[in-house]
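A.B. asks: For the sequence shown, our numbering assigns the number 1 to the initial residue and increments by one for each residue that follows. Attaching a single structure in structure tokens format; questions to follow.
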Amino acid sequence: MSYFFKKLKQHHVFIVPMVIGQFLFVWRAFIHLRALPAPGKRAYLGRAPKVFGLEHITLGNNFRVGEGLWLHAVSQYLKFMYQPQVDIGENFSASDHLHIACCNKITIGRNVLMGSKIHITDHSHGDYSGENQSSPYETPFERKLASSGPVTIGDNVWIGDNVVVLPNTSIGDGAIIGANSVVAKDIPSNVIAVGCPARVVKVWSDKESKWLNV
Numbered sequence: 001m002s003y004f005f006k007k008l009k010q011h012h013v014f015i016v017p018m019v020i021g022q023f024l025f026v027w028r029a030f031i032h033l034r035a036l037p038a039p040g041k042r043a044y045l046g047r048a049p050k051v052f053g054l055e056h057i058t059l060g061n062n063f064r065v066g067e068g069l070w071l072h073a074v075s076q077y078l079k080f081m082y083q084p085q086v087d088i089g090e091n092f093s094a095s096d097h098l099h100i101a102c103c104n105k106i107t108i109g110r111n112v113l114m115g116s117k118i119h120i121t122d123h124s125h126g127d128y129s130g131e132n133q134s135s136p137y138e139t140p141f142e143r144k145l146a147s148s149g150p151v152t153i154g155d156n157v158w159i160g161d162n163v164v165v166l167p168n169t170s171i172g173d174g175a176i177i178g179a180n181s182v183v184a185k186d187i188p189s190n191v192i193a194v195g196c197p198a199r200v201v202k203v204w205s206d207k208e209s210k211w212l213n214v
């Protein structure tokens, strides 16, 4: 048995799908396997994942994503240095083309379900508020990454397709974010929010055990 497969067995990490043609795409993501979930935990990755900054990423047990994952903890961009941290809880599941970009902190709770083509970021290319703002004459690529605050997503959250979660926002436990929404401000627990920017349209009533229109 090759060293690579021994490491897979040692860490109880399984790759899905196992078709040879697709298997080749996930090889790179496991080059530094020791930085992925701790022994006894499982990660299921689809085709063509891109994972950068593994030393700044913590995954809980049973991490499942479809094809095209892009998970990036940015510790250096051009000449600028950062201290990113990505923490994802157990039983995380997402469909294809999930993009998580972090130069500050992104925390995702337990039992979170996400659709496809979701972008979660805690920063932007350039600073557009406060002192020392970025100039429009500066090439966007050369602007430093600026974070206005971390992103926090609670437990039991469901996020639909094509959602963007912007910096300095939180999504409370049990919340649902409708497809094509942009989360630009904090979303409370146990609500349904939709739109651009996302706004609350329903809240859960413990008393009536149903969702009530706002």
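Ideal Cβ placement from N, Cα and C applies to all residues, glycine included.
Alpha carbon to alpha carbon, how far is Thr247 from Thr121?
C.D. replies: Because the chain is modelled from 1 through 214, residue 247 falls outside the range shown and cannot be assessed.
A.B. asks: Buried or exposed: where does Gly218 fall if 16 or more other Cβ atoms within 10 Å of its Cβ makes it buried?
C.D. replies: Not covered by the structure: residue 218. The range shown for the chain is 1 to 214.
A.B. asks: Give every residue of the same chain whose Cβ lies closer than 6 Å to the Cβ of Ser95, excluding the five residues on either side of it in the sequence, and list them in chain order.
C.D. replies: Result list for Ser95: Gly66, Gly115 and Ser116, in chain order.
A.B. asks: In chain order, what are the residue ranges of uninterrupted beta strand (DSSP E) at least 3 long that sit wholly in the stretch 117–177?
C.D. replies: As far as the stretch 117–177 is concerned, its whole beta strand (DSSP E) runs of at least 3 residues are 119–121, 151–153 and 169–171.
A.B. asks: In the DSSP assignment, what are the bridge partners of Asn73?
C.D. replies: The residue asked about is misnamed: residue 73 is Ala in this sequence, not Asn. Its beta-bridge partners are Cys102.
A.B. asks: Would you mind stating whether Gly195 and Ala179 have Cβ atoms separated by less than 8 Å?
C.D. replies: No, the pair does not count as a contact, with Cβ atoms beyond the cut-off.
A.B. asks: With distances taken from CA atoms, which of Trp211, Asp186, Val157 and Glu55 is nearest Cys102?
C.D. replies: Among Trp211, Asp186, Val157 and Glu55, the Cα nearest to that of Cys102 belongs to Glu55.
A.B. asks: Let me know if Gly130 comes out buried or exposed under the rule of 16 or more other beta-carbons within 10 Å of its beta-carbon.
C.D. replies: When all chains shown are included, Gly130 counts as exposed.
A.B. asks: Under 8 Å Cβ to Cβ from Ser189, same chain only, skipping five residues before and after it: list those, please.
C.D. replies: Gly154, Gly172, Asp173, Gly174 and Ala175.
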